[in-house]
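Report on one structure; see the data block that follows.
Protein chains in written order, with the working numbering: chain A, 2 to 225; chain B, 2 to 225.
In structure tokens, the structure reads:
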């Protein structure tokens, strides 16, 4: 079993501090929701985000959307051998069942994530596909107890992905961690939680590019 | 140089036949555009699409969006060794410069594609990043003259992606063709244009999953 974690994901509800900004109130009204119940999104809230700390790493739910579609569509996931978590910059952890058929449409994905933040699980009855709880990455790792924890970053040691995945192919439940934010690097907290930080390319790559390659190479390493 | 073609992409302007349907007119009005100048999108035009022939393969521009983001973000493309084309179900060919920074936001991508269909190139002045012209897949292949043409489909011969990419790694400009539609198979016309049809997995995979794997494995095969 491979554990995939998209960490510090730029996916969060609009913070209270800027909930009264005109661009947010207007967008929320158009969606017929309260300002505090919509996702922060740079496409629509650029002006409001100027007042936010660490804004360059926030307000990009599209990164989680595209990366999750990529990850959930792999043969590894289809055969039930992938466990996927989304850890957000606001320290929530979203657990995603491998059978989840995520909306392909971005606005529908955003609506689903907003619903999840409000009602804590989706669907509200029956088999739970998505659930959310308040937790740090450290708490998530304590819970899932990976046999090894790797993170991917240009700040890591240069190593081929093939070598990296072959090294973890014999592990019981290794975790691979990719950053779900548009710019910058992992926080010091994240870095301290990993056994190894690997750099697979000298330039920064999109999260979905890194994620798809890791899973494909892991499939090869285990002979799937 | 690898040529990547997403073919029969479910990305087209609303056809005249259904341009007067209430769901289309309402959506166009909200976007302040004419019904014939917006992209057909099942998320918004589901009811109107009932009257369309071959509807199950149409109205999914999200497939092109996610696949292009995946493809343009690869090291192969960043090093200028990938040439990307989008062939649409309505027989337009969109040429995408490798330096194109495609919008990450879906609505902005849709707006860009709508603009492209109206003004034929983007930006309208200076270095051309995106251009569109009326052409079939056959006409595109006649123009780019690939040294070998492979298509990927569950209807093809089962073959590992590694073997497939190693076999084309010595070619001058091989073309790989992936379907940009949600259900069904390539048209007979498409099939007849290929040297080989390869099946890399017994079940249908999302276009973006197939595309990311082909490019990664091709990079490996050429030692990038």
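Just so you know, even glycine gets a beta-carbon here, dropped at the ideal spot from N, CA and C. Predicted model only: the values in this text are computed from it and were never measured.
- Counting C-beta atoms within 10 angstroms of its own C-beta, residue 9(A) has 16 or more neighbours from the protein chains shown and is therefore classed as buried.
- A contact is defined here as three or more CB-CB pairs under 8 Å, and the region 104-121 of chain B meets this definition with respect to the region 58-78 of chain B.
- With a beta-carbon spacing of about 18 Å, residue 150(A) and residue 92(A) fall beyond the 8 Å limit used to define contacts.
- Residue 197(A) is bridged by DSSP to 151(A).
- Taking 4 residues as the shortest admissible run, the region 58-119 of chain B contains the following complete alpha helix (DSSP H) segments, listed from N- to C-terminal end: 62-73, 76-79.
- Residue 81(B) does not reach chain A, its nearest Cβ partner there being about 13 Å away, counting only Cβ pairs nearer than 7 Å.
- Taking the beta carbon of residue 206(A) as reference, the chain B residues within 9 Å of it are 74, 75, 76, 79, listed in sequence order.
- Within the same chain, 49 come within 6 Å of residue 22(B) by CB-CB distance, once the 5 residues on both sides are set aside.
- Neighbours of residue 71(B) in chain A, taken as residues at a C-beta separation under 9 Å, are given in chain order as 67, 71, 207, 209, 210, 213.
- 121(B) is the residue among 27(B), 174(B), 195(B), 121(B) whose C-alpha sits nearest the C-alpha of residue 134(B).
- When beta bridges are read from the DSSP output, residue 161(A) appears opposite no residue.
- The contact set of residue 63(B) on chain A, defined by CB atoms closer than 8 Å, consists of 105, 106, 107 in chain order.
- Chain A has a Cβ within less than 8 Å of the Cβ of residue 217(B).
- Taking 7 Å as the Cβ-Cβ cut-off, the region 38-52 of chain A approaches chain B at 44, given in chain order.
- Taking C-beta atoms as the reference points, residue 7(B) and residue 83(B) fail to come closer than 8 Å.
- Straight-line spacing of the CA atoms in residue 70(B) and residue 108(A) works out to 17 Å.
- Per DSSP, the beta-bridge partners of residue 134(B) are 94(B).
- Of 224(B), 205(B), 201(B), the smallest CA-CA separation from residue 215(B) is found for 201(B).
- Taking a Cβ-Cβ cut-off of 7 Å, the neighbours of residue 202(A) in chain B comprise 76, given in sequence order.
- With a cutoff of 8 Å on beta-carbon distance, residue 106(A) and residue 44(B) are scored as near each other.
- Between residue 78(B) and the set 60(B), 87(B), 97(B), the nearest pair of CA atoms involves 97(B).
- In the three-state scheme derived from DSSP, where H, G and I count as helix and E and B as strand, residue 31(A) is classed as helix.
- In the structure shown, residue 24(B) falls within a helical segment according to DSSP collapsed to helix, strand and coil.
- For residue 218(B), the enclosing alpha helix (DSSP H) starts and ends at 208-223.
- Here residue 37(A) has 14, 15, 17, 20 as same chain residues with Cβ atoms under 8 Å from its own Cβ, once five neighbours each way along the sequence are excluded.
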